[in-house]
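Numbering (the UniProt record's numbering), first residue to last: 1 to 286.
Here the structure is laid out as structure tokens; the discussion comes afterwards.
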Amino acid sequence: MPEAATAPAVRATIGDSEFDRDTALTRRAPGVYDIDLSAGWTIISAVNGGYLLAVLGRALADALPHADPFTISAHYLTASQPGPAVVRTDVVRTGRTLSTGQASLFQYDDEGREVERIRVLASYGDLDTLPDDVRTTARPPAIPPMEHCFGPQDGPAPVDGSSAIADRLMLKLDPSTLGWALGQPSGKGEMRSWFGLADGRDPDPLSLLLAVDALPPTAFEIGLKGWVPTVELTVHVRCRPAPGPLRVSITTRNLAGGFLEEDAEVWDSADRLVAQSRQLARVRLG
1 MPEAATAPAV RATIGDSEFD RDTALTRRAP GVYDIDLSAG WTIISAVNGG
51 YLLAVLGRAL ADALPHADPF TISAHYLTAS QPGPAVVRTD VVRTGRTLST
101 GQASLFQYDD EGREVERIRV LASYGDLDTL PDDVRTTARP PAIPPMEHCF
151 GPQDGPAPVD GSSAIADRLM LKLDPSTLGW ALGQPSGKGE MRSWFGLADG
201 RDPDPLSLLL AVDALPPTAF EIGLKGWVPT VELTVHVRCR PAPGPLRVSI
251 TTRNLAGGFL EEDAEVWDSA DRLVAQSRQL ARVRLG
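Below, the structure is given as structure tokens:
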């Protein structure tokens, strides 16, 4: 198994890892939670959107009677910064198999006024109760073995836009999607990588919310540079992932009007499609 080559000497476990500690919230009142957003999950100075989605996903898992996100849609209103934040949740509906809620994350401006950073609407259920019947034409992405792929640590110098989050991830990118790092982007909107957490923690439904937004932007392979902020992100969690590294494939087919879409698939070590997502992102042209 290729994960052995990059696994830490002591593996973190689900519930006892940096990711779990940095997404943990303190319940102030029913449906209201406090958190200190960690600077360890930033891209340049902004907090990563997948990390933020996991924070709100954890709050909703506590607020709703079901624990597993099935679908979660987020609108990113303003850029989040490391530091104190408050999450407010609302239970919209509860049912036998699904419950729906919404949540917003707020921070404070220089005058102490609340500013809404992100708002989500989500439906939760129990992934362990889903039937085993699978009928699909989807196939796992063709990524070379991990030892033939490259991560941030393999470069001669930090790549433009590199960030604190890279130290918390195990990323091994498919060389065929790394032309941008050599100044020779392919022109194809594709990014593929092995994915895990650097401390060896196995994936779970909440970490899948991070995985869909953790790779370098596909815009880099189209030949663009700079920040690609997410406007909207929807994630579908299809099943509970097996232990071991994930494979993430992201594609962009259309850039127009300064916006592009990114479609992601996440596959687990048992060759199951465990999550899908689509996001709309803004790019800076010229």
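The C-beta atom is built at its ideal place from N, Cα and C for all residues, glycine as well.
Item: Just checking my contact of D34 with T26 at CB under 8 Å: how many whole Å lie between their CB atoms?; Value: 5 Å
Item: Taking the alpha helix (DSSP H) that R58 belongs to, which residues open and close that run?; Value: 49-63
Item: For G161 and G226, I'd like the C-alpha separation in whole angstroms.; Value: Per-residue confidence for G161 stands at a pLDDT of 48, beneath the threshold of 50, marking its modelled position as unreliable; the derived number appears in the next sentence. About 7 Å.
Item: Is it a yes or a no for the segment 78-92 touching the segment 125-140, going by three-plus beta-carbon pairs under 8 Å?; Value: no
Item: Just the Cα atoms here: how many angstroms apart are T252 and I165?; Value: 23 Å
Item: For I118, which residues in the same chain have their Cβ closer than 6 Å to its Cβ, ignoring the five residues on either side in sequence?; Value: L52, A74, Y76, L105
Item: Tell me which residues share the same chain as P205 and place their Cβ nearer than 7 Å to its Cβ, disregarding the 5 neighbours each side in the sequence.; Value: D68, P69, L127, V237, R240
Item: Where does R21 fall in DSSP's three states?; Value: helix
Item: Grab me the residues of L285's own chain with a C-beta within less than 7 Å of its C-beta, minus the 5 sequence neighbours each way, in chain order.; Value: G258
Item: Measure how close the beta-carbons of D202 and I14 come, nearest whole angstrom, since I'm counting them as under 8 Å.; Value: 6 Å
Item: By the 10 Å Cβ neighbour count, where 16 or more other Cβ atoms means buried, how is Q107 classified, buried or exposed?; Value: buried
Item: Output the distance between the C-alpha atoms of D167 and M146, rounded to the nearest integer angstrom.; Value: 18 Å
Item: Do you know offhand how far T94's Cα is from S207's?; Value: 24 Å
Item: So what does DSSP say about Q66, is it helix, strand or coil?; Value: Note that residue 66 corresponds to His in the displayed sequence, not to Gln. If DSSP states are grouped into helix, strand and coil, H66 belongs with coil.
Item: Could you name the residues of the same chain whose beta carbon sits closer than 8 Å to that of A61, not counting the 5 residues immediately before and after it, in chain order?; Value: A67, D68, P69, Y124, L206
Item: With C-beta atoms as the reference, is P175 less than 8 Å away from R247?; Value: no
Item: If you run the structure through DSSP and keep just helix, strand and coil, what is Q81?; Value: coil
Item: Look at the alpha carbon of N48 and the alpha carbon of G101, and state the distance between them as a whole number of angstroms.; Value: 22 Å
Item: Using C-beta distances below 6 Å, list every residue in its chain close to V86, excluding the 5 sequence neighbours before and after it, in chain order.; Value: D34, F106
Item: Which class does R27 belong to by DSSP, given the choice of helix, strand or coil?; Value: strand
Item: Identify the continuous beta strand (DSSP E) that holds S176 and give its terminal residues.; Value: Premise fails: S176 is in no beta strand (DSSP E) and is neither H nor E.
Item: Evaluate E265 with the Cβ neighbour count: other Cβ atoms within 10 Å of its Cβ, from every protein chain shown; 16 or more gives buried, anything less gives exposed.; Value: buried
Item: Among the candidates N254, R88, P131, whose CA atom is the shortest distance from the CA of G187?; Value: N254
Item: For A270, which residues from the same chain have a beta carbon less than 7 Å from its beta carbon, with the 5 sequence-adjacent residues on both sides left out?; Value: A242
Item: Counting along the chain, where does the alpha helix (DSSP H) carrying E265 start and finish?; Value: It is not in any alpha helix (DSSP H) - E265 instead sits in the beta strand (DSSP E) that spans 259-267.
Item: Considering just the uninterrupted stretch of the beta strand (DSSP E) at S207, what are its terminal residues?; Value: Here S207 belongs to no beta strand (DSSP E); instead the alpha helix (DSSP H) covers 205-211.
Item: Is it buried or exposed, A4, if we count other Cβ atoms within 10 angstroms and call 16 or more buried?; Value: Summary for A4: the model assigns pLDDT 42, below 50, so the residue's position carries little reliability, and this model does not support an answer.
Item: How about S277 and V212: do their beta carbons lie closer than 8 Å?; Value: yes
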